[in-house]
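Residue numbers (the numbering used here): 1422 to 1818.
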């Protein structure tokens, strides 16, 4: 949602951190700034929709932050990691040390990390003498295209806590029963709680499975955008569903247990072959030049395996491309007489038939949105269009 918000406030200092990948001043590369601000000058209206955590101040860590702030030890800006902000633009007046930040879209501009610190400061700054405590602010510009990855990388604590509790209460056993299936070692690749070994976060797995929840998304007018933009919300929904219906057929995740492995296989098949599908429609084009796509070379081969089954792939591809394509195959699900989900037609058969069209539509949509995979992942219209393409393919077939 557009907010077109401008915030001005006094700071003590500002430093620009050069982008090591920027080749020239004309490059549209990300920018990083570090500011230091007196806590008395920190504005109270920084947009917070971008912060995935709920700021609960009664737990141990927030209490320690408050203690550090209020002890007036003059070391707060060193002991606390501060705030992380995503903004559209920044200007700085050297004469009066006034910093101006512009926030255009509250989905990607605002506080990303440090929400507890921010709330504690705004609630307690009046009790602190000016000049006694300062806070560090990291400001990023041009990160809209990687916002989801950035938010996930910088925010883990609350989400990990929710997962850990759910794991202790055995609420992931529905998923584990499938991953423990014969000839599958996937359960060893997924980590379900803090500090476990594994390559795949159960939150990512739940976000992917949530796209196929016919209870939540019963019609072609529904779009599972939350799987891309709100992984934490998907975990919350999963836990709420378990709390209400347990491990019974009233739970849609139990209903999809027979197709779960197919969904993960389909994800990897899309990830593995998306470059091939692209070339089918763009014989002279180079998929590696598409914005957001990473290319395999001799130095990075270890990172070019598909997410679940570790198949060789040639490209890294933004979730903003893969998720809407994968989610479109919800059109193939039906509910059998025994209550379980099953496929109307084999999904990989339909993928081989229209995969090139699905990829072309997605890449074209990205280009129309400023070459921004982030925007494609959040574009409900694109999700619905791809769903309709899969649905029509079943009719034509």
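In this text, a Cβ means the ideal position worked out from N, Cα and C, and glycines have one as well.
Q. Measuring CA to CA, which of 1469, 1454, 1533, 1537 is closest to residue 1520?
A. The residue with the shortest Cα to Cα distance from residue 1520 is 1454.
| message | Suppose you measure from the CA of residue 1486 to the CA of residue 1468; what does that come to, to the nearest Å? | response | Roughly 21 Å between the two C-alpha positions.
Quiz item: Quick one: what does DSSP say residue 1773 is sitting in, helix, strand or coil?
Solution: Here residue 1773 sits in helix by DSSP.
8 Å Cβ shell around residue 1812 - same chain, five flanking residues per side excluded: Spatial neighbours of residue 1812 in its own chain (CB-CB distance under 8 Å, excluding positions within 5 residues in sequence) are listed in chain order as 1641, 1752.
Nearest to residue 1787 (by Cα), restricted to the options 1428, 1666, 1802 = Across the set 1428, 1666, 1802, the C-alpha of 1802 shows the shortest separation from the C-alpha of residue 1787.
* Asked: Going along the chain, which unbroken runs of the alpha helix (DSSP H) with 4 or more residues stay wholly within the segment 1518–1550?
  -> Runs of the alpha helix (DSSP H) inside the segment 1518–1550: 1536–1545.
By alpha-carbon positions, which one of 1657, 1529, 1612 ends up nearest to residue 1571? The shortest CA-to-CA distance from residue 1571 to any of 1657, 1529, 1612 is the one to 1529.
* To do: Buried or exposed for residue 1816, please, with buried defined as at least 16 other CB atoms from any protein chain shown within 10 angstroms of its CB.
  => By the neighbour-count definition (other C-beta atoms within 10 Å, threshold 16), residue 1816 is an exposed residue.
| query | Is it buried or exposed for residue 1599, if we count other Cβ within 10 angstroms and need 16 for buried? | reply | Counting the other CB atoms within 10 Å of its CB gives residue 1599 a total of 16 or more, which places it among the buried residues.
Contact set for residue 1542: own chain, Cβ-Cβ below 7 Å, skip 5 residues either direction
Result list for residue 1542: 1460, 1463, 1490, 1556, in chain order.
Practice prompt. Provide the residue(s) that pair with residue 1456 in DSSP beta bridges, ordered along the chain.
Written response: DSSP output for residue 1456 lists 1435, 1558 as bridge partner(s).
Q) If we call anything under 9 Å between Cβ atoms a contact, is residue 1754 one with residue 1690? A) Cβ atoms of residue 1754 and residue 1690: not closer than 9 Å.
(request) Provide the residue span of the alpha helix (DSSP H) that contains residue 1762, from first to last. (result) Per DSSP, residue 1762 belongs to no alpha helix (DSSP H); it is in the beta strand (DSSP E), 1762–1764.
Going by other Cβ atoms of all chains shown within 10 Å of its Cβ, with 16 needed for buried, is residue 1652 buried or exposed?
Around the beta carbon of residue 1652, a 10 Å sphere encloses 16 or more other beta carbons of the protein chains shown; the residue is thus reported as buried.
Boundaries (first-last residue) of the beta strand (DSSP E) holding residue 1504: Note, residue 1504: beta strand (DSSP E), 1504–1508.
* Looking only at C-alpha atoms, which of 1506, 1807, 1553 sits nearest to residue 1525? -> It is 1506 whose Cα lies nearest to the Cα of residue 1525.
Is the beta carbon of residue 1674 less than 9 Å from the beta carbon of residue 1693?
Taking 9 Å as the Cβ cut-off, residue 1674 and residue 1693 do not qualify as a contacting pair.
**Study point:** Alpha-carbon to alpha-carbon, residue 1799 and residue 1781
**Key:** Our two residues, residue 1781 and residue 1799, have alpha carbons roughly 17 Å apart in a direct line.
Through-space distance from residue 1665 to residue 1777, alpha-carbon basis:
If you take the alpha carbons of residue 1777 and residue 1665, they lie about 41 Å apart.
CA nearest to the CA of residue 1766, picked from 1814, 1558, 1452: Per the Cα distances, 1814.
My parser needs the alpha helix (DSSP H) runs of 4 or more residues fully inside the segment 1605–1672; what are they? Counting whole runs of 4 or more residues, the segment 1605–1672 contains the alpha helix (DSSP H) stretches 1623–1631, 1647–1650, 1652–1666.
Taking C-beta to C-beta, are residue 1623 and residue 1588 nearer than 9 Å?
-> Against a cut-off of 9 Å, the Cβ pair of residue 1588 and residue 1623 comes out as a contact.
Suppose contacts are defined by Cβ-Cβ distances below 9 Å. Is residue 1756 in contact with residue 1630 by that definition?
Not closer than 9 Å, so no.
Exercise for review: Over the uninterrupted alpha helix (DSSP H) stretch that includes residue 1680, give me the two end residues.
Suggested key: It is not in any alpha helix (DSSP H) - residue 1680 carries neither H nor E in the DSSP assignment.
| DSSP on residue 1423, reduced to helix/strand/coil? | Shown here, residue 1423 sits in a strand according to DSSP, grouped into three states.
*From residue 1784 to residue 1496, what does the alpha carbon distance come to, in whole angstroms?*
When rounded, the separation of the alpha-carbon atoms in residue 1784 and residue 1496 is 49 Å.
#### Entry: Any 3 or more C-beta pairs closer than 8 Å across the segment 1707–1727 and the segment 1605–1614
At 8 Å Cβ cutoff, the stretches do not touch.
So is the beta-carbon of residue 1675 under 8 Å away from any non-hydrogen atom of the ligand SAM?
With respect to the ligand SAM, the structure offers nothing, as it holds no ligand at all.
**Asked** Who pairs with residue 1727 in a beta bridge, going by DSSP?
**Response** In the DSSP output, where bridge partners are listed per residue, residue 1727 has none listed.
| Of the residues 1450, 1533, 1633, 1563, which one's Cα is nearest the Cα of residue 1684? | When each option's Cα is compared against that of residue 1684, the closest is 1633.
- Item | Opposing strand residues paired with residue 1514 [DSSP bridges] | Residue pairing by DSSP places residue 1514 opposite 1519 in a beta bridge.
Spatially closest choice to residue 1721 from 1796, 1735, 1504, 1443, by CA coordinates: Selected option, being the one with the closest Cα: 1735.
* Pairwise C-alpha distance: residue 1458 and residue 1538 -> Going by the C-alpha atoms only, they are around 13 Å apart.
Can you give me the C-alpha to C-alpha distance between residue 1672 and residue 1484, rounded to a whole angstrom? Between residue 1672 and residue 1484, the C-alpha separation is close to 38 Å.
Item checked: Separation of residue 1643 from residue 1597, as counted between CA atoms -> In a straight line, the C-alpha of residue 1597 is about 28 Å away from that of residue 1643.
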